[in-house]
Amino acid sequence: TRKGKDNNLKKRNQLLSRGSSRLTHTINQQKIRALVSAHQDRGKQKSYFRRLWITRLNAVIRDYKVYYSYSRFIHNMYKKQLLLNRKILAQIAILNRNCLYMIFNEILKEGN
């Protein structure tokens, strides 16, 4: 919505106008820097969450002792054409571990 964007701009301008300097050039530089940082962090956030999901899955995999590593599990999952992404697998690992164990067993059963 347009109204929400206007409010965000007003808040940003109010914060930056009370900054260390009253020079408009410095304020504009601060705005540009803030927007650049926000853009970069949106990209970094994706990799941070992916890393978190992989860490969670790896912990469950090693705990269950199905595979030696996360990479072998993902490889076998793709070979069996089980198309579940890392985010969904990590959520299943947290919320319903038995369901994840069923997925492990399904991969092992098809492998034999």
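Just add 134 to wherever you are in the sequence shown, counting from 1, and you've got the working numbering.
Cβ atoms here follow ideal geometry from the backbone N, Cα and C, with glycine treated the same way.
Residue i, enclosing alpha helix (DSSP H) - first and last residue
i    : result
Y204 : 204 to 213
K221 : 220 to 229
Status (buried if at least 16 other CB within 10 Å, exposed otherwise) for residue i
i    : result
A168 : exposed
F183 : exposed
I226 : buried
L223 : buried
Residue i and residue j closer than 8 Å at C-beta
i    : j    : result
Y204 : L217 : no
L234 : V194 : yes
Y202 : F238 : no
Inter-residue CB distance, residue i and residue j (contact presumed, cutoff 8 Å)
i    : j    : result
N219 : I241 : Wrong, their Cβ atoms sit about 16 Å apart, outside the cutoff.
W187 : K221 : 6 Å
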